[in-house]
Amino acid sequence: MLRIKESNQLQWRSTELSRHGESAGTLKARLFLSHGPSTPSRTFVQFQAADVTFSGLDVALNSRDYRLSLLRKRIVSGKYVCEPEVR
């Protein structure tokens, strides 16, 4: 996990997702304040993974004290190469 204080960002990079493992899973995070109380502010959260496929992805916040006021999902793809099958 990478915390960038100046821009209020939380980032996770998933570098070891298996294509041949379980077909479902959970990524959980627990956040703690280093000192407080604090003033509520917008926080940008981003999950990234390379060379894997996500389907049926959902995001939830399990807390009585905090809530999601806006959730945007974006799919970004890279370069695709398709080569013909040689027979």
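Residues in the sequence shown are numbered from 116 upward in steps of one, following our numbering. A virtual CB, placed ideally from N, CA and C, is assigned to each residue, including glycine.
- Take the alpha-carbon of A175 and the one of R189: they are about 16 Å apart.
- In this structure, the alpha-carbon of D166 lies about 11 Å from that of Y195.
- A direct Cα-Cα distance of roughly 24 Å separates D173 from P155.
- C-alpha of R187 to C-alpha of T168: approximately 18 Å in a straight line.
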